[in-house]
Each structure stands twice: as structure tokens, then as C-alpha cells.
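Heads up, the thing below is written out as C-alpha cells.
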Ligand code: B12
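In the numbering used here, the protein residues as written are 1 to 299.
Pasting the structure below:
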């Protein structure tokens, strides 16, 4: 029978520093978190609205028995992006994470030819950071992000849904220090106690959204970023001494800033081509330019 430890060791040999396992049962605990959240805040337009799809791994793979969850740190001290968030300045995590998950899936199938492995990163109906929390890879911060004790919150989550049972890990005992710096610093006051999060006030969301209300535009005042936001992470004490990422793909051509004139000179197709390896290439060129114009008007 396939052993959890040998898969974890293999993943670590690829430089994936945090790997854990959780079961694929319908998740009643997540259900209560989601219900509470939906009572207090409207769901973000990027979020899966069907709660059953979020809590049932079996809706993605009917024979699912376990989920192997990995963290992919992306912090690089020498990379200090000026007007985009850190996660957007490095190679597109969807592409990078999927390559690693494919290698791990190949390893699993070499040991267990009947194993089915479904890669998940960001775009599925599952709640990625809940999976990571359940698999013991970190704890939730008041800023809503999943924090690893060594790599902090600058980590992407990727997972393989498996039809083979594996020994599950326990959630981590450690917790966020609870200083509230993220809540106080959030430019849109999107965060509140008890993991409250109002997407409609989050700068990251607003930079990715085409049409904004006047109030939302005022939240973006003085925000230099034209894509994403790192404020609630950069003030977090858990992120102050994190090591550089061991994932080598993230060192390839990191962006320092986006330039308005250069982007305006590109056609939509050229924009997609130029930035196809970065996570914001799905976003329209017009949305990025809207963020530049708003910043310029306020200067
Ligand atoms: C939609 C989305 C967004 C939206 C909404 C974010 C949000 N807070 O919901 C926007 C565009 C604003 C956004 C921004 C960012 N995002 Co985003 N986003 C997503 C996406 C696609 C869905 C998130 C979602 O469903 N949210 C709704 C709620 C239900 O889920 P949740 O916030 O993850 O967690 C809640 C519950 O799970 C519950 N909960 C569940 N179990 C438990 C257990 C305990 C103990 C506790 C206390 C709570 C708890 O508490 C949380 C708060 O309500 C996920 C990928 C995915 N499929 O999960 C990526 C994802 C969450 N994003 C990610 C990233 C990197 C970011 C940014 C850091 C990017 C940036 N720099 O701009 C910011 C962070 C903003 C923030 N403070 O949350 C990573 C997060 C990695 C991490 N270490 O946490 C993810 C997981 C993508 C990935 N696979 O790596 N994102």
C-alpha cells in the first residue's frame, strides 16, 4: 500500500517544503464557517457560490479518499515590486504549481498504477487554504491568509485529490499572534475580528475589477499598486523573517514594476502574449490601465 511518508519525502526532494494530507470527507466544519461568512458578507464574484461544491471533494472526484496538500512559498527578499503585489511579480503560480503536482502525481502512479490524481490550485470549487489548514500546513491569520510557521503567508496552495486513502495529518496547534496589525493597516478596512472579510473593500479585489463604485474608487486613493495588494501581509509579524523561496521557477524574470506607457502601447493580444507567464495575464489590459489612471489623477 502507498505510504504517505514516501510521497511527502518525494515532494520534499523536489524542494516543496511543506506537504500534508487531509481526508476527502464532506466537511461539516467548513460548512459552518461558510454559512457564518455568508450571513455577514456577500461572496466575492470570483468565489464559487455553491456551498456543497466547496465542502465535498467527492463532487470533483466521486472516488476521492484523500487530498495531498502542498505549499509553494514565493517570497524573494531581493525582489521588491513597486506597483504590483509579490504574488503577481513572479512566474504564474498556476503554471508552476501544476508542474510540481504533475511530477508528484507521476510518482504516485509509478507506485500505484490505478491511482487517480486530480491537481487543484486556485481555480477549483474547493477552499484551498482550508485544505492546507486541515492538512496541518499552517494556521489562519486575522488577515484571512494561511500562515506557515517558517515561510509565513507568502505561499501558494496546491493539492492533489486522490482516490487512494492516505494517513491524514492533524491541523497545526500554533496560531496567529493576534496583534491585529493587518486589521488596522488594511487600506479599505476590509478586515475585521473573527476572520471577517469584506471583499468589496479589499484593494486586491478592487484592482482586479473593471467597474468600481465611488466609494471603492476612494479606497484606491493613494494605493500605488495596479494589481493585487500586500499590505495585510507585509505588516504581519509572521512575515518579517521569512526565508527566500526554495522554488527555483519563481526566480525567473521577476517583475519590478508595470509601466503605464509600455502597457498602453500594447494591443490586447500583445498584452496577453507579453505577460502570459504572470498571474495577472487573465486580467484585461484596460483594468490595469484604469488603475494607473486612478493613481495618476490623485498624484
Ligand atoms: C476569490 C479569491 C480571492 C478574492 C477574495 C479573497 C478572500 N479572502 O476570500 C481576492 C481577489 C480579494 C483575493 C485576494 C488575495 N488572494 Co486569493 N483567492 C481567491 C480564491 C480563488 C477563492 C477564495 C475563497 O473562496 N474565499 C472565500 C472563503 C470561504 O475562503 P477563505 O478566505 O479561503 O477562508 C475562509 C474560510 O475558509 C474560513 N475557514 C475555513 N477553515 C477555517 C479554519 C479556521 C481555524 C479558521 C479560523 C477559519 C477557517 O475562514 C476563512 C475566512 O472566512 C482562492 C483559491 C481557492 N479556490 O480557495 C485564492 C487564494 C485564497 N488567494 C490567494 C492569494 C495569494 C491572495 C492574495 C494574497 C493575493 C494578493 N497579494 O493580492 C490576496 C489575499 C487577500 C486576503 N487577505 O484574503 C491564495 C492564498 C494563499 C494563502 N497563503 O493564504 C489562494 C489560496 C490561492 C492559492 N491556491 O494559492 N483572493
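Glycine included, C-beta positions come from ideal geometry on N, C-alpha and C.
For residue 11, the uninterrupted alpha helix (DSSP H) segment begins and ends at 4-13.
Between ligand 1 and residue 140, a heavy atom-to-CB distance of less than 8 Å is present.
Excluding sequence positions up to five before and after residue 76, its CB lies within less than 7 Å of the CB of 244, 245, 250, 251, 254, all in the same chain and listed in chain order. Burial state of residue 149 is exposed, judged by a 10 Å Cβ sphere holding fewer than 16 other Cβ atoms.
Residue 26 counts as exposed, since fewer than 16 other beta carbons sit within 10 angstroms of its beta carbon.
Distances taken from the Cβ of residue 43 to the heavy atoms of ligand 1 include one shorter than 8 Å. DSSP lists 155 as the beta-bridge partner residues of residue 73.
Rounded to whole angstroms, residue 99 and residue 192 show a C-alpha spacing of 36 Å. With contact defined as three or more Cβ pairs closer than 8 Å, the region 137-144 and the region 212-230 are not in contact. Rounded to whole angstroms, the Cβ separation of residue 65 and residue 127 is 19 Å, and the two are not in contact under 8 Å.
Where residue 21 is concerned, there is no enclosing alpha helix (DSSP H), although the beta strand (DSSP E) around it starts and stops at 18-23. For residue 247, the three-state secondary structure derived from DSSP is coil.
The straight-line gap separating the alpha-carbon atoms of residue 166 and residue 21 is approximately 7 Å. When the five nearest sequence neighbours on each side are left out, the beta carbons in the same chain lying within less than 7 Å of the beta carbon of residue 97 are those of 72, 121, 156, 158, in order along the chain. The C-alpha of residue 169 is placed about 43 Å away from the C-alpha of residue 291. Taking 9 Å as the cut-off, the Cβ atoms of residue 199 and residue 43 count as close. Sixteen is the threshold: since fewer than 16 other Cβ atoms of the shown chains lie within 10 Å of the Cβ of residue 211, the residue is exposed. Sorting 24, 180, 74, 92 by C-alpha distance to the C-alpha of residue 61 places 24 at the top. Cβ atoms of residue 232 and residue 185 come within 8 Å of each other, at about 7 Å. For the region 120-170, the full-length alpha helix (DSSP H) segments reaching 4 residues or more read 128-134 along the chain.
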